[in-house]
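Below is one structure, written out as structure tokens, with a few remarks after it.
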Amino acid sequence: MMKEEVRYGGRTFVPSIPRDEIHEAVIRLADQLNRDYAGKDPIFLVMLNGAFMFASDLVKEVEFDCVVSFMKMSSYAGTCSTGRVSELIGLDVDVRDRDVIIVEDIVESGLTMHEVVDQLKKIGAKTVEICAFVHKPMKLIYHDVKPKYIGLNIKDSFIIGYGLDIDGYARNLPEVYELANG
Numbered sequence: 000m001m002k003e004e005v006r007y008g009g010r011t012f013v014p015s016i017p018r019d020e021i022h023e024a025v026i027r028l029a030d031q032l033n034r035d036y037a038g039k040d041p042i043f044l045v046m047l048n049g050a051f052m053f054a055s056d057l058v059k060e061v062e063f064d065c066v067v068s069f070m071k072m073s074s075y076a077g078t079c080s081t082g083r084v085s086e087l088i089g090l091d092v093d094v095r096d097r098d099v100i101i102v103e104d105i106v107e108s109g110l111t112m113h114e115v116v117d118q119l120k121k122i123g124a125k126t127v128e129i130c131a132f133v134h135k136p137m138k139l140i141y142h143d144v145k146p147k148y149i150g151l152n153i154k155d156s157f158i159i160g161y162g163l164d165i166d167g168y169a170r171n172l173p174e175v176y177e178l179a180n181g
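In numbering that gives the first Met the number 0, the protein residues as written are 0 to 181.
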């Protein structure tokens, strides 16, 4: 059962996406991936830190062989984008001539995904697709990186929980909460 509200950093967050809706989105995405990647051997490139819970649930539901690797980029400070992308942990797997599925917690402007997709293509990935837990279509600036696999489209609000954070906190919440009056 979701809490009525949670507080982090002096801010109040209210319920947004309950566990059952999260689970349904994960299963739906896994079904799509199972159809599209049957008989293939893709690399799941999980974007840390936010996508760890989503990726864990997602890869448990896929029925094909795959490699799971991680990359960490940063473009946020608190509740705001900095407008710059910094690579904190780089790619540690060879993606040349491989299908790559980027697993991301949230796609907003597309800035981070634009940088990552461009990097993967430059080093020879065969295909690159984005699988996002949530997407804010009204915020997308880099339209060349629209996720192919989207768990949920959401309105423009700041959210936490299920891997999403505010200054490192709230990732452990099993549901998603949005900033009240935000």
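Yeah, the Cβ is synthetic: ideal placement off N, Cα and C, and Gly gets one too. Because the structure is a prediction, the values reported are computed rather than measured.
Taking the beta carbon of residue i as the centre, do at least 16 other beta carbons fall within 10 Å, making it buried, or is it exposed?
i       : result
Arg-18  : exposed
Gly-109 : buried
Val-92  : exposed
Glu-103 : buried
Gly-160 : buried
Thr-11  : exposed
Met-0   : exposed
Met-52  : buried
Just tell me which of the options has its CA closest to the CA of residue i.
i       : options                               : result
Gly-9   : Lys-71, Val-175, Glu-174 and Tyr-168  : Tyr-168
Asp-40  : Asn-48, Arg-97 and Pro-146            : Arg-97
Asp-56  : Ala-29, Met-72, Asp-166 and Asp-117   : Ala-29
Leu-163 : Val-115, Gly-49 and Ile-101           : Gly-49
Phe-157 : Phe-132, Val-175, Tyr-141 and Asp-143 : Val-175
Pro-173 : Ile-16, Arg-6 and Lys-154             : Ile-16
Leu-47  : Met-0, Lys-138, Arg-170 and Lys-121   : Arg-170
Tyr-141 : Glu-114, Glu-20, Asp-35 and Glu-23    : Glu-114
Asn-33  : Val-116, Glu-62 and Arg-6             : Glu-62
Asp-64  : Val-5, Asp-35 and Asn-180             : Asp-35
Between which residues of its own chain and residue i is the CB-CB distance below 6 Å, once the five residues before and five after are set aside?
i       : result
His-134 : Val-106, Pro-146, Ile-149 and Asn-152
Ile-100 : Pro-41, Phe-43, Glu-128 and Cys-130
Glu-3   : none
Based on the DSSP secondary-structure assignment, which residues constitute the bridge partners of residue i?
i       : result
Val-66  : Ile-42
Tyr-141 : Note: Tyr-141 sits in no beta bridge, so no partner.
Leu-47  : Lys-71
Where does the unbroken beta strand (DSSP E) through residue i begin, and where does it stop?
i       : result
Val-115 : No beta strand (DSSP E) holds Val-115; the alpha helix (DSSP H) holding it covers 110–121.
Phe-157 : No beta strand (DSSP E) contains Phe-157, which DSSP labels as neither H nor E.
Ala-131 : 126–134
Gly-150 : 148–152
Kindly indicate the opening and closing residues of the alpha helix (DSSP H) around residue i.
i      : result
Asp-35 : 18–35
Glu-60 : 51–60
So, at 7 Å on beta carbons, what are the nonlocal neighbours of residue i in its own chain, with the 5 sequence-adjacent residues on each side left out?
i       : result
Gln-118 : none
Using 7 Å as the cut-off, classify the Cβ of residue i as near or not near the heavy atoms of the ligand FMN, replying yes or no.
i       : result
Val-144 : With respect to the ligand FMN, the structure shown offers nothing to examine, as it has no ligands at all.
Which residues in the same chain as residue i place their Cβ atom closer than 8 Å to its Cβ, once the five residues preceding and following it in sequence are excluded?
i      : result
Ala-24 : Phe-132, Gly-150 and Leu-151
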